[in-house]
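Working notes, beginning with the structure itself.
In this note's numbering, the protein residues as written are 22 to 85.
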(Lines of atoms letter the chains of each structure in order from A and count residues from 1; the text may use other names and numbers.)
(Lines give C-alpha, C1' and ligand atoms only; values in the text may rest on other atoms or scores of the structure.)
Protein backbone atom coordinates (compact mmCIF):
# COMPACT_ATOMS: atom_id res chain seq x y z
CA UNK A 1 0.00 0.00 0.00
CA UNK A 2 1.38 3.46 -0.85
CA UNK A 3 2.75 5.53 2.04
CA UNK A 4 -0.01 8.18 1.88
CA UNK A 5 -2.68 5.55 2.31
CA UNK A 6 -0.68 3.68 4.94
CA UNK A 7 -0.44 6.80 7.09
CA UNK A 8 -4.15 7.54 6.60
CA UNK A 9 -5.23 4.00 7.52
CA UNK A 10 -2.94 3.94 10.55
CA UNK A 11 -4.48 7.21 11.73
CA UNK A 12 -8.04 5.99 11.17
CA UNK A 13 -7.35 2.67 12.87
CA UNK A 14 -6.88 4.59 16.13
CA UNK A 15 -10.48 5.82 16.01
CA UNK A 16 -13.24 4.11 18.01
CA UNK A 17 -15.47 3.53 14.97
CA UNK A 18 -12.66 1.61 13.27
CA UNK A 19 -12.19 -0.86 16.12
CA UNK A 20 -15.98 -1.27 16.39
CA UNK A 21 -16.21 -1.95 12.66
CA UNK A 22 -13.36 -4.47 12.76
CA UNK A 23 -15.00 -6.20 15.73
CA UNK A 24 -18.33 -6.36 13.91
CA UNK A 25 -16.73 -7.82 10.79
CA UNK A 26 -14.85 -10.41 12.83
CA UNK A 27 -18.05 -11.44 14.63
CA UNK A 28 -19.91 -11.76 11.35
CA UNK A 29 -17.11 -13.81 9.78
CA UNK A 30 -17.02 -16.14 12.80
CA UNK A 31 -20.78 -16.59 12.41
CA UNK A 32 -20.16 -17.89 8.90
CA UNK A 33 -21.29 -14.80 7.03
CA UNK A 34 -19.61 -14.00 3.72
CA UNK A 35 -17.86 -10.65 3.73
CA UNK A 36 -16.82 -8.82 0.57
CA UNK A 37 -14.27 -7.99 -0.55
CA UNK A 38 -12.18 -10.92 0.69
CA UNK A 39 -9.83 -9.92 3.50
CA UNK A 40 -6.74 -10.07 1.29
CA UNK A 41 -8.35 -7.63 -1.17
CA UNK A 42 -9.78 -5.04 1.25
CA UNK A 43 -7.13 -2.44 0.48
CA UNK A 44 -6.57 -3.30 -3.21
CA UNK A 45 -8.16 -0.10 -4.49
CA UNK A 46 -5.64 1.96 -2.54
CA UNK A 47 -2.82 0.44 -4.58
CA UNK A 48 -4.38 1.84 -7.76
CA UNK A 49 -5.33 5.37 -6.70
CA UNK A 50 -3.12 7.81 -4.78
CA UNK A 51 -4.79 9.45 -1.78
CA UNK A 52 -4.07 12.89 -3.22
CA UNK A 53 -6.09 12.03 -6.34
CA UNK A 54 -9.06 10.55 -4.52
CA UNK A 55 -12.38 12.36 -4.72
CA UNK A 56 -15.63 11.24 -3.14
CA UNK A 57 -19.21 11.79 -4.23
CA UNK A 58 -21.89 10.73 -1.77
CA UNK A 59 -25.25 10.10 -3.35
CA UNK A 60 -28.22 9.51 -1.14
CA UNK A 61 -31.53 10.76 0.09
CA UNK A 62 -30.52 11.63 3.63
CA UNK A 63 -27.94 14.28 4.43
CA UNK A 64 -26.01 13.70 7.63
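No residue lacks a Cβ here, since even glycine has one placed at the ideal position from N, Cα and C.
Taking only three categories from DSSP, how would you classify residue i?
i: residue 81; result: coil
i: residue 75; result: coil
i: residue 43; result: helix
i: residue 57; result: coil
i: residue 25; result: helix
Write down the C-beta distance between residue i and residue j rounded to the nearest angstrom, noting that I regard them as a contact closer than 8 Å.
i: residue 69; j: residue 25; result: The pair is not a contact, with the Cβ atoms about 13 Å apart (cut-off 8 Å).
i: residue 56; j: residue 49; result: 6 Å
Select from the options the residue whose C-alpha is nearest the C-alpha of residue i.
i: residue 22; options: 65, 76, 54, 78; result: 65
Within this structure, are the beta carbons of residue i and residue j separated by less than 7 Å?
i: residue 39; j: residue 33; result: yes
Kindly indicate if chain D contains any beta-carbon less than 7 Å away from that of residue i.
i: residue 24; result: Looking at the structure shown, chain D is missing, and only one protein chain is on hand.
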